[in-house]
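Take a look at the structure set out below.
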Amino acid sequence: MLVCVGMCVYLCVSQDIPRMLRGFQCQEHSHPWIVALFDGVRFRCTGTLIDRQWVVTAAQCNTGRTLNVRLGEHNLWHLDWSEQLIISSRVIPHPSYNRSTSQNNIMLVKLLMPAILNRNVKPLPLPRNCPTPDSTCVLSGWGSNLEPRRDFPQVGLANHPNRITPNMICAGVVHGGTDSCQGDPGSPLVCQGELQAVASWGFEGCSRPNQMGVFVKVCKYLTWLQDTMRSG
């Protein structure tokens, strides 16, 4: 089931660690922009539809192969009768993406054909401005509390301060707890109806005290996103 987590967002460069609220099952199709990316039949990442033919996700989701993109999903393992399956025609990671440091961990996926827009499949607007501290946002993804599961580095801000750049924002838990690891790579962080950030790394330990998930700030990449989509 698709899971939503409410959170208060802070800039990573500050030392404040916000509280992530307990996760809950999203109302069915309440996030019609969210998509599931599969490598063959294996769930790989979450993405966000931002145009009829374009999806934003994390660059670490690039497999070098065609991705199967499932739109209109709620439960990945049961037929919802609302799904659209479209393969990718292009997978375009940011040209300065660095896998070892997770810098510029953002990617565009072009669909082979435009999605059919309806109440279950709708694009999410890109941000007009960067998020401010204390923004109230929602992270959605299919997620898991199983640790370890994903391939992003298990690190925290306190131990690796040099990895955090102005292009990133953070969110996590203060005291630890359950239902806190609902972010998949590429999961959207939505603030006031706009795509403000893309889940990048740090979620393996996010249910532990003082561990944070790190997100790529979409506002820092608007020119690249728009130019890439225009060029096709």
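So for the sequence shown, UniProt numbering puts the first residue at 1; every next one is plus one. Beta carbons: idealized from backbone N, C-alpha and C, even for Gly.
- The three-state secondary structure of Cys-191, taken from DSSP, is strand.
- For Arg-230, the enclosing alpha helix (DSSP H) begins and ends at 222-231.
- Beta-carbon to beta-carbon, Leu-126 and Leu-222 are separated by about 6 Å, close enough to satisfy the 8 Å threshold.
- Distance between Gly-141 and Leu-49, taken at the CA atoms: about 14 Å.
- Judged by DSSP secondary structure, Asp-51 falls within the beta strand (DSSP E) whose first and last residues are 42-51.
- In terms of Cβ geometry, Cys-219 and Cys-137 do not form a close pair [threshold 9 Å].
- Annotation for Ser-96: Asn-104 place their beta carbon closer than 6 Å to its own, counting only its chain and skipping 5 residues before and after.
- Out of Leu-85, Trp-54, Cys-191, the CA that lies nearest to the CA of Thr-132 is found in Cys-191.
- With a beta-carbon spacing of about 6 Å, Ile-87 and Asn-68 fall inside the 8 Å limit used to define contacts.
- Put simply, of Asp-184, Gly-40, Arg-163 the residue whose alpha carbon is nearest the alpha carbon of Ser-100 is Arg-163.
- Annotation: the segment 94-119 contains the following complete segments of the beta strand (DSSP E) (minimum length 3 residues), in chain order: 107-111.
- In terms of CA proximity to Met-113, Gln-84 leads the group Ile-106, Ser-135, Gln-84, His-94.
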